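Trainee: Handing you this structure, nothing more for now.
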Amino acid sequence: MELRKLQRTPDGTYLVTIPKAWAKRVGLEQGSVVSYEERQDGRLLLSPRIDEERPPLEVILEASPFVRREIIERYLLGYDIIRIQSKDSLSPETRDEVRKTTKRLVGLEVLEEDAKKIVLQCLMEPSLLNPERILRRLEMLSMPMQIDAVQAFVESNTELANGVVERDEEVDRWYFLLVRLVRAAIADTYLLEKIKVSSVDCLDFRLLASYIETFADYAVTVAENTQDRIPVPKEQQILFQKIGASVNTMYKDAVGSVLSRDLKLASSVSPRFKETKKILAEAETSIAKAPRPMVNHLVAALIALNRMCEVSVDISDLTITR
Numbered sequence: 223m224e225l226r227k228l229q230r231t232p233d234g235t236y237l238v239t240i241p242k243a244w245a246k247r248v249g250l251e252q253g254s255v256v257s258y259e260e261r262q263d264g265r266l267l268l269s270p271r272i273d274e275e276r277p278p279l280e281v282i283l284e285a286s287p288f289v290r291r292e293i294i295e296r297y298l299l300g301y302d303i304i305r306i307q308s309k310d311s312l313s314p315e316t317r318d319e320v321r322k323t324t325k326r327l328v329g330l331e332v333l334e335e336d337a338k339k340i341v342l343q344c345l346m347e348p349s350l351l352n353p354e355r356i357l358r359r360l361e362m363l364s365m366p367m368q369i370d371a372v373q374a375f376v377e378s379n380t381e382l383a384n385g386v387v388e389r390d391e392e393v394d395r396w397y398f399l400l401v402r403l404v405r406a407a408i409a410d411t412y413l414l415e416k417i418k419v420s421s422v423d424c425l426d427f428r429l430l431a432s433y434i435e436t437f438a439d440y441a442v443t444v445a446e447n448t449q450d451r452i453p454v455p456k457e458q459q460i461l462f463q464k465i466g467a468s469v470n471t472m473y474k475d476a477v478g479s480v481l482s483r484d485l486k487l488a489s490s491v492s493p494r495f496k497e498t499k500k501i502l503a504e505a506e507t508s509i510a511k512a513p514r515p516m517v518n519h520l521v522a523a524l525i526a527l528n529r530m531c532e533v534s535v536d537i538s539d540l541t542i543t544r
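Residue numbering for the sequence shown follows the working numbering, beginning at 223 and increasing consecutively.
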C-alpha cells in the first residue's frame, strides 16, 4: 500500500497527487477526466475513465470446416461482431453450419449476409444480465431432464427420451451465455460492478455452470440408453427409480446450497450419497439377472446416475468456498 499526504489550498480545497506510473499506464494526461465514486465504507473509488460505451469487438473468420467451433470460441471470448467470409461464394454447407451454430448461442443474430460473407452480432447487453438468474435457469432445465431420463429409461419410453436429448441443446445455450458473461466480467471491473458480483463469485459461477452442464450430459446418457424393444425388468425398474429420486434430491439441495450459501443444506448432500451407494451396489448386483441384450444399457445408465451423484457432491463443496 502506498501512502500520500493530503494538501489543502488557501481556499479550503483538498488535493492529493496520483501515482505518475499509474497515470501513464492507464493513459491519463493533462486535461484527462477521471471519475470517482464514494463507497459505503468511506473509501473513494477513482476510475481512469468515465462509464462510456465501448466500441464493439469484431473478428473476421475465414470459412473452414471448423467454422462452428470458431464461432463458439469467439462468442465465449466476448466478441460482439463475428464476420464469416470467403474469397469465393460461401458454400451451402457453411451457411447451414453458421445458422445452426447461431441458434445455439443466446443473443447471436445474423446482421448481414451476401454471397461471400455472413455477419453475426451479439445483441445481448452484458450489464443487464444476472449470473444467478442464468444459473437458476440452468437448474430449471437440467433437473427435469434427469427426472424424465430415468422415467423414460425404466418405462422404455423412447419419445420421452428423445425429448431429454433435445433439451440438452437449450442447456448448452445458457451455459455458453454464462461463460461469456463471467469471462467478460472478470476482464472488466466496471462490468463486475454493474452486475454486482465479485471476481471470486464469477469463478464459482463458472464452475457451477460447468457442473450443471455435465449433470445434464449424464441425463442424456441415461435417456440414450432407453430401449423400446427390450423392457427393463421390474426389479431394476424399482431400483433405478429409487436412485433417480435420490439423485434429484441431492442435485436440488446441492445447487440450492450454493446459490443461497446454505452450509447446512450443503452438508446433507454427501451423507445422502453414502446411502445412495447402497442402492447403487444393489442395482449393480441385480443387473447380472437381467436379459443379456439389456445388460450394457443398464450398466451405462447406472454409471451415469452414479456420476450424477458425484457431480452433486462436487457442487455442494462449492458452498464451503463462498
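Think of the CB as a built atom: it goes at the ideal place given N, C-alpha and C, for glycine as much as any other residue. Quantities reported herein were computed from a predicted structural model and do not represent experimental measurements.
1) Look at the alpha carbon of residue 249 and the alpha carbon of residue 239, and state the distance between them as a whole number of angstroms.
2) Have a look at the DSSP bridge pairing and note the partners of residue 260.
3) Whole-angstrom Cβ separation of residue 540 and residue 429, contact assumed at under 8 Å?
4) From 270, 258, 534, pick the residue whose C-alpha is nearest to that of residue 251; which is it?
5) Considering only C-alpha positions, which residue in the set 502, 450, 491 is nearest to residue 466?
6) Do you know how far the Cα of residue 459 is from the Cα of residue 278?
7) Alpha carbons only, please: which of 284, 400, 388, 447 is nearest the one belonging to residue 374?
8) Assess contact between the stretch 358-374 and the stretch 330-350, defined as three or more Cβ pairs (one per stretch) separated by less than 8 Å. Is contact present?
9) In angstroms with no decimal places, state the Cα-to-Cα distance between residue 283 and residue 305.
10) Taking only the alpha-carbon atoms, compute the straight-line gap between residue 453 and residue 524 and give it to the nearest angstrom.
11) With H, G and I counted as helix, E and B as strand and the rest as coil, what does DSSP make of residue 248?
12) Residue 290 and residue 323: beta carbons closer than 8 Å?
13) Since residue 226 is in the beta strand (DSSP E), which residue starts that stretch and which ends it?
14) Since I believe residue 398 is in contact with residue 299 (beta carbons under 8 Å), could you give me their beta-carbon distance rounded to a whole number of angstroms?
15) Which of the three DSSP states, helix, strand or coil, is assigned to residue 454?
16) The alpha helix (DSSP H) with residue 238 in it runs from where to where?
17) Cα-Cα, which of 434, 439, 449, 442 is closest to residue 474?
18) I need the straight-line Cα distance from residue 355 to residue 400, nearest angstrom please.
19) Fully enclosed by the stretch 343-406, which alpha helix (DSSP H) runs are 4 residues long or longer?
20) Following the continuous beta strand (DSSP E) through residue 305, name the residue where it begins and the one where it ends.
21) Report yes or no: do three or more beta-carbon pairs, one from the stretch 475-495 and one from the stretch 518-536, lie closer than 8 Å?
22) Rounded to whole angstroms, how far is the Cβ of residue 427 from the Cβ of residue 353, which I believe are closer than 8 Å?
23) Please classify residue 542: is it buried, with 16 or more other beta-carbons within 10 angstroms of its beta-carbon, or exposed?
24) What is the DSSP secondary structure of residue 322, counted as helix, strand or coil?
25) Give the range of the beta strand (DSSP E) segment to which residue 283 is assigned.
26) Identify the residues that DSSP records as bridge partners of residue 334: which are they?
Mentor: On the basis of the coordinates in this document:
1) 16 Å
2) 266
3) The beta carbons of residue 540 and residue 429 sit about 6 Å from each other, so the pair counts as a contact at 8 Å.
4) 270
5) Selected option, being the one with the closest Cα: 502.
6) 54 Å
7) That would be 447, whose Cα lies nearest to the Cα of residue 374.
8) no
9) 6 Å
10) 16 Å
11) coil
12) yes
13) Where residue 226 is concerned, there is no enclosing beta strand (DSSP E), given that its DSSP letter is neither H nor E.
14) About 11 Å separates the two Cβ atoms, so there is no contact after all.
15) coil
16) Careful: residue 238 lies outside any alpha helix (DSSP H) and carries neither H nor E.
17) 434
18) If you draw a straight line from the Cα of residue 355 to the Cα of residue 400, it is about 10 Å long.
19) Listed in chain order, the complete alpha helix (DSSP H) runs (minimum 4 residues) inside the stretch 343-406 are 353-377.
20) 303-307
21) yes
22) 5 Å
23) exposed
24) Note: residue 322 maps to helix in three-state DSSP.
25) 280-284
26) 341
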